[in-house]
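Numbering (the numbering used here), first residue to last: 1485 to 1624. Heads up, the beta-carbon is just placed ideally off N, CA and C, and yes, glycines get one too. If you're wondering where the values come from, they're calculated on a predicted model, not measured in any experiment. Below you'll find the structure, written out as structure tokens, and then a few comments.
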Amino acid sequence: MKRNTALLLVGLIILAVLGGGGAYYAYRKIQQRKNFEFRYEGKFPVGAQFDVEAFKTMILADENVEDVVEGNDLVAFWELDGPEAAKQRVKSKFSASVANSEVKVRYQDKDKAMAKKILQGLLQGYQNRLKASGGGVPQG
């Protein structure tokens, strides 16, 4: 075998190994991206005596979550069996915390626009229920 042929074969083998490594790296990045979820969050100021658990209970009330599920047609969007499964999914992806006299609410989903709609729907339902009960609506 001539020297040029040997160098060509070594070059092709190196190119194949590097190409395969690059393809594997790209494949892994795409697979990670499929499971990526967007988080949509917002903040509003609250008083010193704010109870986060009562807030979560009120915002995740069945009527409020049911309105969001029906309003955004989440059963069809997520291809679930029924509204109970959609309500459970909404409740599991929502979180709230208090820090520095502010409530931070978060909702995450694979669809960025839907995460925003769901969180806004939950907060709007919460504010409507506060107004109906005669309570004040947090400004922010």
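- Taking the C-beta atoms as reference points, Leu1603 is found no nearer than 9 Å to Val1587.
- DSSP lists no beta-bridge partner residue for Pro1567.
- The segment 1486–1503 makes no contact with the segment 1556–1573, as fewer than three CB pairs between them are under 8 Å.
- Here Glu1521 is near Ala1599, since their CB atoms are less than 9 Å apart.
- Ranked by Cα distance from Gly1531, the first of Glu1525, Ser1585, Lys1513 is Ser1585.
- For Tyr1610, the CB contacts under 7 Å within the same chain, skipping 5 residues up- and downstream, are Met1542, Ile1543, Asn1548 in chain order.
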